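Structure first, commentary second.
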Amino acid sequence: MNAFVEVYSDESLFQAKQVDKKISKGKAGKLAGLVFAIKDNICYKGHKVSAGSKILKGFESLFTATAVQKLLDQDAIIIGRLNCDEFGMGSANENTIYGAVKNPYNDSKVAGGSSGGSAAAVSAGLCLVALGSDTGGSIRQPASFCGIVGLKPTYSRVSRHGLIAYASSFDQIGPLANNVDDASLVLEVIAGADNFDSTVSRRKPENYSRANFDNKPKKIAYISECLDREGLDPEIKEFLKCKISQLKKKGHSVDPISLPELDLLVPVYYIISTAEASSNLARFDGVHYGYRSESASDLENTYINSRTEGFGEEVKRRIMLGTFVLSADYHDSYFTKAQKIRRLIQNKTKAMFEKYDFIISPTTPHTAFSIGKKHTNPTTMYLEDIFTVQANLAGNPAISLPLAKHSNGMPIGLQVMANNFKEGDMLSFSKYLSD
Ligand code: GLN
22 MNAFVEVYSD ESLFQAKQVD KKISKGKAGK LAGLVFAIKD NICYKGHKVS AGSKILKGFE
82 SLFTATAVQK LLDQDAIIIG RLNCDEFGMG SANENTIYGA VKNPYNDSKV AGGSSGGSAA
142 AVSAGLCLVA LGSDTGGSIR QPASFCGIVG LKPTYSRVSR HGLIAYASSF DQIGPLANNV
202 DDASLVLEVI AGADNFDSTV SRRKPENYSR ANFDNKPKKI AYISECLDRE GLDPEIKEFL
262 KCKISQLKKK GHSVDPISLP ELDLLVPVYY IISTAEASSN LARFDGVHYG YRSESASDLE
322 NTYINSRTEG FGEEVKRRIM LGTFVLSADY HDSYFTKAQK IRRLIQNKTK AMFEKYDFII
382 SPTTPHTAFS IGKKHTNPTT MYLEDIFTVQ ANLAGNPAIS LPLAKHSNGM PIGLQVMANN
442 FKEGDMLSFS KYLSD
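For the sequence shown, the positions run 22 to 456 when our numbering is used.
Next up, the structure:
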């Protein structure tokens, strides 16, 4: 499937033996024996990390990401790193130097992106849990395509220390797992304050793994523009309608609400995220990290040639787009305007959660598509994120649950979004939905 780009064979067996010893002494951590792997944009000291890019060729992490360290501290066993779209930019895991990840349900289909390797590995049973990152949907969309659970925590719930930055005001690390229990347990371990990341919330994480559904009727909403959207697969639409009537039958209220700005979400996301990316990716200059062009002879052409040869096409497109929207002449008409709309979306989302416990939608407008099909058209690819980006623009937690199968044999995901820091409620409701 092309899911793993590196397997830590001997090392993981050694680690497993150490954990065995701890178990026999009754001293093992709460994740003892949990086999996990990490997306190739998360750092693990002394191991290679490339963000799926040639520009990081040969680069080794100088420190371990806090989320990874917290899993290791609880005796989870790390077995390798996983393919992803270059710097997290993509929705199909095709923008990678390692070749496209194949979907375990059908190897002519994409696994989704950008955490495609993470989703495929968990779905195929190659590891129990994988860490991914979600900037605009990169945990939830591949989870949906591969029939597993994918959780994006509230922005600032999990430390981003050691995550190679794409768009810093959106990026979050989160788990991809076979079930809600595993995702809850991993979140419980990785969440919480970190001296290495000043943006992490100091709010104490809940015991997510013990969150139980209280069986009280919930107030649920769905955005009618999502359901009425042109291009939504008819079976997925039917699936959502069914879920709505099932929930109503069980005594919950489910109301349609309106978000007329739905069509603005993707453009706003792509203006702000590319602006942030153009700044974050400036550090890859052929001097500090990884790849340097053979034809580098002076400073200027070291930068130009290394970046031209080292970055893939999509990354270059985004750096140029981001630089353009930040340029003096266009700053106000694109970047500032997009920031204003982001605030508007944040306010509207906040208002939604004053009235409702959860917002449900399909995770994606259709099931996994064929490899190579959308690769040629960036705009079609960007529209993949239509249902997932609201949570990133507003910062809310959201989860994708594998709750149905399409007649084409591919999985369908339901997305549940909750109020900020309400992961506990979101996870207990997710368990209830999955039972
Ligand atoms: N598909 C989106 C993008 O390409 C989301 C990526 C992500 O969440 N990292 O930017």
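Every residue, glycine too, gets a C-beta built ideally from N, C-alpha and C.
As the structure is a computational prediction, the values presented were derived from the model and not from experiment.
Asked, Found
"Might you give, ordered along the chain, the residues of its own chain that have their beta carbon closer than 8 Å to the beta carbon of L424, omitting 5 neighbours on each side?", "F260, K264, I433, G434, L435, L454, S455"
"Within 10 angstroms of the Cβ of P174, are there 16 or more other Cβ atoms? Answer buried if so, exposed if not.", "buried"
"List the DSSP bridge partners of Y243.", "P277, I381"
"So, helix, strand or coil for K395, using DSSP?", "coil"
"So which of L320, Y312, V289, E297 has the shortest CA-CA distance to A359?", "V289"
"Start and end of the beta strand (DSSP E) containing F25?", "25-28"
"When you compare each of N441, E32, S428 to K371 by their alpha carbons, which one comes out closest?", "N441"
"Residues in its own chain within less than 8 Å of D306 by CB, not counting five upstream and five downstream?", "T323, Y324, S327, R328"
"Quick one, are the C-beta atoms of L52 and A86 less than 8 Å apart?", "no"
"Which of the three DSSP states, helix, strand or coil, is assigned to F166?", "helix"
"For P125, count neighbouring C-beta atoms within 10 Å of its own C-beta (all shown protein chains included) and say buried if the count is 16 or more, exposed if not.", "buried"
"I'd like to confirm the pairing. Which residues does DSSP put opposite G416 in its beta bridges?", "Answer is none; G416 lacks a bridge partner."
"Using CA atoms only, rank isn't needed, just tell me which of L77, E334, C64 is closest to S314.", "L77"
"Can you have a look at V210 and say buried or exposed, based on whether 16 or more other CB atoms are within 10 angstroms of its CB?", "buried"
"Would DSSP call L435 helix, strand or coil?", "strand"
"Are there 16 or more other CB atoms within 10 angstroms of the CB of K130, so buried, or fewer, so exposed?", "buried"
"Hey, how far is the Cα of S219 from the Cα of E256?", "44 Å"
"Check whether the segment 368-388 and the segment 294-308 touch, using three or more Cβ-Cβ pairs below 8 Å as the test.", "no"
"Output the residue ranges of the beta strand (DSSP E) runs that lie fully inside the segment 190-266 and measure 3 residues or longer, sorted by chain position.", "193-198, 240-244"
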